[in-house]
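Everything on this sheet refers to the single structure shown next.
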Amino acid sequence: DIVSAVGHPQLKLCLDIGHVNAYSAISPEEWLNGWAPRLSHFHIHNNDGSWDSHSALNCGSIPMKELLLAADRLCPSATYTLELSESADSILWLLEELPWNND
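If you're matching positions, the sequence shown starts at 106 in the working numbering and goes up one per residue.
Have a look at this one:
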């Protein structure tokens, strides 16, 4: 892979969770577990797996709470971008479902 070929510690990856769900045969969980040491950023949005709808975090087939908790555990210094068509519901969901606001 290109990341290993370059071999520079500053070369990091961004995992677009929704794109993986819609366009990859590999699940978002497998991508996260396989690339965690190289991941530094996530684009987060949900979809039903058929196309990249940029749906709310709690509306789709991605088990978002479990995935984001795993991402926080495996990549604690990673940053996140909400990549949504409508963000209000997702912001409320994040505040209610994840312990990040207690840090």
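The beta-carbon is built from N, C-alpha and C at its ideal position, and this holds for glycine as well.
Residue from the options with nearest C-alpha to residue i
{"i": "L118", "options": "S129, N126 and D106", "result": "D106"}
{"i": "S155", "options": "D177, A127 and P133", "result": "A127"}
{"i": "I149", "options": "N138, L120, P114 and A175", "result": "L120"}
{"i": "H146", "options": "L189, L203, L199 and D177", "result": "D177"}
Residue i - partner residues in DSSP beta bridges
{"i": "L200", "result": "L200 is not bridged to any residue."}
{"i": "C180", "result": "The partner list for C180 (beta bridge, DSSP) is empty, contrary to what the question assumes."}
{"i": "S190", "result": "In DSSP, S190 forms no bridge with anything."}
For residue j and residue i, the rounded distance between their alpha carbons
{"i": "G139", "j": "A193", "result": "31 Å"}
{"i": "R143", "j": "L116", "result": "8 Å"}
{"i": "N151", "j": "G112", "result": "32 Å"}
Beta-carbon separation (whole angstroms), residue i vs residue j, contact threshold 8 Å
{"i": "I122", "j": "L203", "result": "That pair is no contact at about 14 Å."}
*Counting only runs that start and end within the segment 121 to 153, where is the beta strand (DSSP E) found for 3 or more residues in a row?*
144 to 149
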